[in-house]
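Quick mapping for you: the protein sequence lines, in order, are chains F and S. If you count the first sequence from 1, position 293 lands on 293 in UniProt numbering, and the numbers rise without skipping. If you count the second sequence from 1, position 330 lands on 330 in UniProt numbering, and the numbers rise without skipping. To start, the structure itself, in structure tokens.
Protein chains: 2
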Amino acid sequence: MALAEETAARRARGGGGAARRAARSAVSFETARFIERNIPNFDILTPEAIEIIEHNAETVLEEIGVNFVENPAALERWRQAGADVQGERVHIPRGLARQLCATAPSRFTQHARNPARNVEIGGKSMVLAPVYGPPFVRDRVAGRRYATMADFEMFVKLGYMSKWLHHSGGTVCEPTDIPVNKRHLDMLYAHMALSDKPFMGSVTEPSRAADSVEMARILFGSDFVDSHCVMTSLVNINSPLTFDSVMMGALEEYAAAGQACIVSPFIVGGAMAPVSVAGTLTQVLAEVLAGIAYSQLIRPGCPMIFGAFVTSIDMNSGAPTFGTPEASQITYGAGQLARRLNLPYRSGGAFTGSKLPDAQGAYESANSLNAALLSGVNFMLHACGWLEGGLVASPEKFVMDADQLGILHKLAEGVPVDDNAQAMGALREVGPGGHFLGCAHTQANYSTAFWRTGLLDYKPYETWSEEGARDTEALASAKVDRMLADYQQPYLDPATDEALRAYMAQKKASMPDAFL
Amino acid sequence: MALAEETAARRARGGGGAARRAARSAVSFETARFIERNIPNFDILTPEAIEIIEHNAETVLEEIGVNFVENPAALERWRQAGADVQGERVHIPRGLARQLCATAPSRFTQHARNPARNVEIGGKSMVLAPVYGPPFVRDRVAGRRYATMADFEMFVKLGYMSKWLHHSGGTVCEPTDIPVNKRHLDMLYAHMALSDKPFMGSVTEPSRAADSVEMARILFGSDFVDSHCVMTSLVNINSPLTFDSVMMGALEEYAAAGQACIVSPFIVGGAMAPVSVAGTLTQVLAEVLAGIAYSQLIRPGCPMIFGAFVTSIDMNSGAPTFGTPEASQITYGAGQLARRLNLPYRSGGAFTGSKLPDAQGAYESANSLNAALLSGVNFMLHACGWLEGGLVASPEKFVMDADQLGILHKLAEGVPVDDNAQAMGALREVGPGGHFLGCAHTQANYSTAFWRTGLLDYKPYETWSEEGARDTEALASAKVDRMLADYQQPYLDPATDEALRAYMAQKKASMPDAFL
Numbered sequence: 001m002a003l004a005e006e007t008a009a010r011r012a013r014g015g016g017g018a019a020r021r022a023a024r025s026a027v028s029f030e031t032a033r034f035i036e037r038n039i040p041n042f043d044i045l046t047p048e049a050i051e052i053i054e055h056n057a058e059t060v061l062e063e064i065g066v067n068f069v070e071n072p073a074a075l076e077r078w079r080q081a082g083a084d085v086q087g088e089r090v091h092i093p094r095g096l097a098r099q100l101c102a103t104a105p106s107r108f109t110q111h112a113r114n115p116a117r118n119v120e121i122g123g124k125s126m127v128l129a130p131v132y133g134p135p136f137v138r139d140r141v142a143g144r145r146y147a148t149m150a151d152f153e154m155f156v157k158l159g160y161m162s163k164w165l166h167h168s169g170g171t172v173c174e175p176t177d178i179p180v181n182k183r184h185l186d187m188l189y190a191h192m193a194l195s196d197k198p199f200m201g202s203v204t205e206p207s208r209a210a211d212s213v214e215m216a217r218i219l220f221g222s223d224f225v226d227s228h229c230v231m232t233s234l235v236n237i238n239s240p241l242t243f244d245s246v247m248m249g250a251l252e253e254y255a256a257a258g259q260a261c262i263v264s265p266f267i268v269g270g271a272m273a274p275v276s277v278a279g280t281l282t283q284v285l286a287e288v289l290a291g292i293a294y295s296q297l298i299r300p301g302c303p304m305i306f307g308a309f310v311t312s313i314d315m316n317s318g319a320p321t322f323g324t325p326e327a328s329q330i331t332y333g334a335g336q337l338a339r340r341l342n343l344p345y346r347s348g349g350a351f352t353g354s355k356l357p358d359a360q361g362a363y364e365s366a367n368s369l370n371a372a373l374l375s376g377v378n379f380m381l382h383a384c385g386w387l388e389g390g391l392v393a394s395p396e397k398f399v400m401d402a403d404q405l406g407i408l409h410k411l412a413e414g415v416p417v418d419d420n421a422q423a424m425g426a427l428r429e430v431g432p433g434g435h436f437l438g439c440a441h442t443q444a445n446y447s448t449a450f451w452r453t454g455l456l457d458y459k460p461y462e463t464w465s466e467e468g469a470r471d472t473e474a475l476a477s478a479k480v481d482r483m484l485a486d487y488q489q490p491y492l493d494p495a496t497d498e499a500l501r502a503y504m505a506q507k508k509a510s511m512p513d514a515f516l
Numbered sequence: 001m002a003l004a005e006e007t008a009a010r011r012a013r014g015g016g017g018a019a020r021r022a023a024r025s026a027v028s029f030e031t032a033r034f035i036e037r038n039i040p041n042f043d044i045l046t047p048e049a050i051e052i053i054e055h056n057a058e059t060v061l062e063e064i065g066v067n068f069v070e071n072p073a074a075l076e077r078w079r080q081a082g083a084d085v086q087g088e089r090v091h092i093p094r095g096l097a098r099q100l101c102a103t104a105p106s107r108f109t110q111h112a113r114n115p116a117r118n119v120e121i122g123g124k125s126m127v128l129a130p131v132y133g134p135p136f137v138r139d140r141v142a143g144r145r146y147a148t149m150a151d152f153e154m155f156v157k158l159g160y161m162s163k164w165l166h167h168s169g170g171t172v173c174e175p176t177d178i179p180v181n182k183r184h185l186d187m188l189y190a191h192m193a194l195s196d197k198p199f200m201g202s203v204t205e206p207s208r209a210a211d212s213v214e215m216a217r218i219l220f221g222s223d224f225v226d227s228h229c230v231m232t233s234l235v236n237i238n239s240p241l242t243f244d245s246v247m248m249g250a251l252e253e254y255a256a257a258g259q260a261c262i263v264s265p266f267i268v269g270g271a272m273a274p275v276s277v278a279g280t281l282t283q284v285l286a287e288v289l290a291g292i293a294y295s296q297l298i299r300p301g302c303p304m305i306f307g308a309f310v311t312s313i314d315m316n317s318g319a320p321t322f323g324t325p326e327a328s329q330i331t332y333g334a335g336q337l338a339r340r341l342n343l344p345y346r347s348g349g350a351f352t353g354s355k356l357p358d359a360q361g362a363y364e365s366a367n368s369l370n371a372a373l374l375s376g377v378n379f380m381l382h383a384c385g386w387l388e389g390g391l392v393a394s395p396e397k398f399v400m401d402a403d404q405l406g407i408l409h410k411l412a413e414g415v416p417v418d419d420n421a422q423a424m425g426a427l428r429e430v431g432p433g434g435h436f437l438g439c440a441h442t443q444a445n446y447s448t449a450f451w452r453t454g455l456l457d458y459k460p461y462e463t464w465s466e467e468g469a470r471d472t473e474a475l476a477s478a479k480v481d482r483m484l485a486d487y488q489q490p491y492l493d494p495a496t497d498e499a500l501r502a503y504m505a506q507k508k509a510s511m512p513d514a515f516l
């Protein structure tokens, strides 16, 4: 705390200093602005279906209730708010949770240390963040192995340099070579120092959430953090209908500090939820209602995101599956339910069960990404880099998916129909049997007319063969090498850097290593 | 003609014989019914944008006009209908084309020789047909090579055995080992004999279209063909705005025989159409309006499909690109324009520019397939098997894409909210912290609840490694082998078979081989 105050005092007030620091950056890598959708959402649920699911979710909350485990303070807060608390079971009267959720904002800004990279979350926006959580890494050369801090830093660098990623994410992989009770410090520092995009805080212990807030105070200044959202963190619900004290402890820390959380059921349908889309949506809604309502008991007005991480189970093997039609239906449906609550919506991602960045990986990821765009997702975690059901992060898959994210940007722009877009002059100029390549309209528009891949191959077969007949993974591997070779760290004020390092050193020295 | 009459006389009237023949089939392979969408369409164009594009398309037809090349009879028909014909240029007064299109049906049945496999095209239906046109084949073992008749037969067999394909297609690849003026006979015979799904006729010469109708008369009986649609054929417009005499000659044959055609611009945006989505949609609409209007001058009421094969150009290389955001926008927009005309809509497909069935192939195909479903496509050609911008047909890609088509079926069902789907009993039974796998609702529903892949891998990493760490292409290659080993020809009446062979032999003997 002392360090944070000191650093804050040394630097300019608020975000102004960050702007000046960014301007001093020696190298700047282009990052697209977060998406503002100019297209409709795809509403798969009929009004009648929404009514049924909303009614049933309230029934779940009132009749069945939710458990807040090992958290007497939470139970007391619920009792005060008017819930019927029986042991650890909280029965929430019909309508109460929805009413409490109303104080959460429908859209908010998450600030980055480079203000040009601030993101807005909610409404028609869509913010893209990379893979979260894998304990393993697989790359084309070294194969599959436990992830390390060096891998973590590599993914942060790739994220920083990826044009279509707006957010640096959180646990881009688990740095298993760092003690479990200290790695959150290294992870946060990597996001803060190696990137200037917004990032996520730690949720694995309430004390680590507190550390996250402290380090953010050093980076942004305490006053700024007190009055602005600078972190969005992922709080999973222990589905079905259970809120454990670790995750809720993290949420309590963040909410008290005015920092955003994604309150997100983590559901494999058929295992942690009913084996039907409507039943799963009912449970998702009940869980998010309870979780966000609780956050507003901690601090009304604190920004929260309606999360839904839902997949289905392969009934043959028990394995989770991705890119399935049921997952898409749930993604579309949950978006409608989130909008009815006027809450920002998190879902989607480049999900796949594949072990490799092969066709299965791409089909499943593309199915998920397309559904996420049209379902109105505002915050997409896991937007690139997933393999093997989230067990593995892959640098090749990272840049492959990240290239596809450009498609979402262009698609979201909708179809312009201004005079230039109507192109009647071109149609008149060229006429039947002609060719548009050389016409004035094409010459004036060709450089921006169409989205361009930064990865995929359109060369003639013969050229492609001569160049080694490379598949997408091989192209991606080469691109990863180029990006890492080109990487340059964005400028960070040396005093801030030193203060961050000092905080980490002090915290690490204060406790023995733990690996479980 | 004599042969056709004779065969028709020998067999039962109408489609009844086909039903009996199907019942006698020794082996039956499951084929899903064509899709009836129970979900909304995704409308990317605003009402204002539709109005502008429709207005502009009429302007194109009236002011710029379209060319009907080397086709005096067509020019005369247009003159009679009220168009202003100047040389080969047909200026169609505002509103005339739309008015002529009104006699084409909004939905029709294409009959198969097995009536259980009839398809309906239009309204909320979606019919899936395989790859069309590639001169090359690539498989995992033999690599890339010119396609042969043996390849053609292989693809027809794979199509017959693919659960999610409703249609046998047309030129599934070009059998380059057969003379170009005779191969249509072998291709048609393969569809008629090796499959019992509906198929497409030849369009490469008017006389070949006539042969297609004759062979259909042998298969279905002349009376039946005269009063039922038994073929849907692909008539490409020579974009921009040009209707050549070969394609129009084929359309004239089919329309006169009451057989359906897809009237389809073939556009690489930026080359054959303006470099903007709205401009391309304007041209697509103008071209389809003119083509379908013309078909109704031949035979009012003849079934026609509003086609749109549109991709964009890579402005660096000039290569066509697939799975792009612009292609999706055009697919969505053209669907809206087709529905405004109450015409069945053809678009989409498992498009890709990739040389391999790799991640690029899958991303691009999945992007296209998802857009096609939500854009309200009624007939999807190229639904499986594409590589390399349509130059190459791949058996592995065929079964990979065909597996993904199952996802479209399930997604199209929408979200049921009946009592069973609501699953409130399961939620009450399991409660907070429980597990749904063993509950009564899961046990009652698990076998049908979720779509299941017939190809992709969800096994644990260790099992997958022990089994050879196969990628999707390797899994698909093994599946192709299994399918071909299991293939059994559907029963075909020996007299019909003999009559088809006799017709082919007579036609082949009547002309010298041509290879250009």
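Glycine included, C-beta positions come from ideal geometry on N, C-alpha and C.
(request) With distances taken Cα to Cα, identify the nearest neighbour of A350 (chain S) among S:L484, S:L343, S:S328. (result) S:S328
(message) Could you tell me the alpha carbon to alpha carbon distance between H228 (chain S) and N118 (chain S), rounded to whole angstroms?
(response) 11 Å
(message) In this structure, how does DSSP classify M200 (chain S) when only helix, strand and coil are distinguished?
(response) coil
(request) Report the neighbours of H435 (chain S) on chain F: residues whose CB is nearer than 7 Å to its CB, in chain order. (result) Under the 7 Å cutoff, chain F gives A271.
(request) Name the two residues that bound the continuous alpha helix (DSSP H) containing Q259 (chain S). (result) Here Q259 (chain S) belongs to no alpha helix (DSSP H), and DSSP marks it neither H nor E.
(request) Return the Cβ separation of M380 (chain S) and M126 (chain S) in integer angstroms, given the expectation that the two are a contact with Cβ distance under 8 Å. (result) 7 Å
(request) Counting only the same chain and skipping the five closest in sequence on each side, list residues whose C-beta sits under 7 Å from that of A74 (chain F). (result) F68, M248, Y294
(message) I'd like to check one pair, I218 (chain S) with L500 (chain S): are the Cβ atoms closer than 7 Å?
(response) A distance below 7 Å separates the beta carbons of L500 (chain S) and I218 (chain S).
(message) 7 Å is my cut-off, CB to CB: does G353 (chain S) come that close to chain F?
(response) yes
(request) Count the other C-beta atoms from every protein chain shown that fall within 10 angstroms of the C-beta of T448 (chain S), then say buried if there are 16 or more, exposed otherwise. (result) Residue burial is scored here from C-beta neighbours: T448 (chain S) has fewer than 16 other C-beta atoms within 10 angstroms and is therefore classed as exposed.
(request) Starting from E467 (chain F), trace the beta strand (DSSP E) both ways and give me its first and last residue. (result) That residue, E467 (chain F), is in no beta strand (DSSP E); it is neither H nor E in DSSP.
(message) Among F:R98, F:K163, F:P135, whose alpha-carbon lies nearest the alpha-carbon of A402 (chain F)?
(response) Put simply, of F:R98, F:K163, F:P135 the residue whose alpha carbon is nearest the alpha carbon of A402 (chain F) is F:K163.
(message) Run through chain F and tell me which residues come within less than 7 Å of S317 (chain S), C-beta to C-beta.
(response) Y458, K459
(message) Which residue wins for smallest C-alpha separation from L405 (chain S), given the options F:G323, F:G122, F:T171?
(response) F:G323
(message) Is S245 (chain F) close to chain S? Criterion is C-beta to C-beta, closer than 7 Å.
(response) no
(request) Output yes or no for whether 7 Å exceeds the beta carbon distance between Q110 (chain F) and P198 (chain F). (result) yes
(request) Select from the stretch 419-433 of chain F all residues with a C-beta closer than 8 Å to any C-beta belonging to chain S, and list them in chain order. (result) N420, A421, Q422, A423, M424, A426, L427, R428, V430, G431, P432, G433
(request) Could you pull the start and end residues of the alpha helix (DSSP H) that G406 (chain F) belongs to? (result) 395-412
(request) Please decide whether S162 (chain F) counts as near chain S, where near means a Cβ-Cβ distance under 7 Å. (result) Not an interface residue.
(request) Using three-state DSSP, classify A26 (chain S) as helix, strand or coil. (result) The predicted position of A26 (chain S) is uncertain, since its pLDDT is 40 and thus under 50; a value taken from the coordinates is nonetheless stated next. Coil at A26 (chain S), not helix or strand.
(request) Classify Y503 (chain F) as helix, strand or coil using the three-state DSSP reduction. (result) helix
(request) Determine, using beta-carbon pairs with one atom in the stretch 180-191 of chain F and one in the stretch 454-472 of chain F, whether at least three such pairs fall under 8 Å. (result) Contact between the stretch 180-191 of chain F and the stretch 454-472 of chain F is absent, because fewer than three Cβ pairs lie under 8 Å.
(request) For N342 (chain S), return the contacting residues in chain F, with the cut-off set at a CB-CB distance below 8 Å. (result) Per Cβ cutoff of 8 Å: no residues; N342 (chain S) is ~22 Å from chain F at best.
(request) Return no unless some Cβ of chain S is closer than 7 Å to the Cβ of D471 (chain F). (result) yes
(message) I want to verify the contact list: residues of chain F whose CB lies under 7 Å from the CB of Y294 (chain S), in sequence order.
(response) Chain F residues near Y294 (chain S): none, gap ~14 Å exceeds 7 Å.
(message) Would the stretch 249-266 of chain S count as touching the stretch 39-52 of chain S if we require 3 or more Cβ pairs under 8 Å?
(response) no
(request) Decide if the stretch 250-259 of chain F is in contact with the stretch 47-66 of chain F; the criterion is three or more beta carbon pairs, one per stretch, under 8 Å apart. (result) no
(request) Between the Cα of L411 (chain F) and those of F:L341, F:L374, F:V430, spot the shortest distance and give me the residue it belongs to. (result) Nearest of F:L341, F:L374, F:V430 to L411 (chain F), Cα basis: F:L374.
(message) For L341 (chain S) and R94 (chain S), I'd like the C-alpha separation in whole angstroms.
(response) 15 Å
(request) In the DSSP assignment, find the unbroken beta strand (DSSP E) run with D177 (chain F) in it and report its ends. (result) No beta strand (DSSP E) holds D177 (chain F); DSSP gives it neither H nor E.
(request) With DSSP as the reference, label P72 (chain F) as helix, strand or coil. (result) helix
(message) Rounded to the nearest angstrom, what separates A362 (chain S) and A83 (chain S) at their Cα positions?
(response) Roughly 46 Å separates the two Cα atoms.
(request) Measure the alpha-carbon distance for G279 (chain F) versus A129 (chain S) and round it to whole angstroms. (result) 34 Å
(message) Let me check understanding here. Comparing Cα to Cα, which of F:A338, F:A216, F:L408 lies closest to S368 (chain F)?
(response) F:L408
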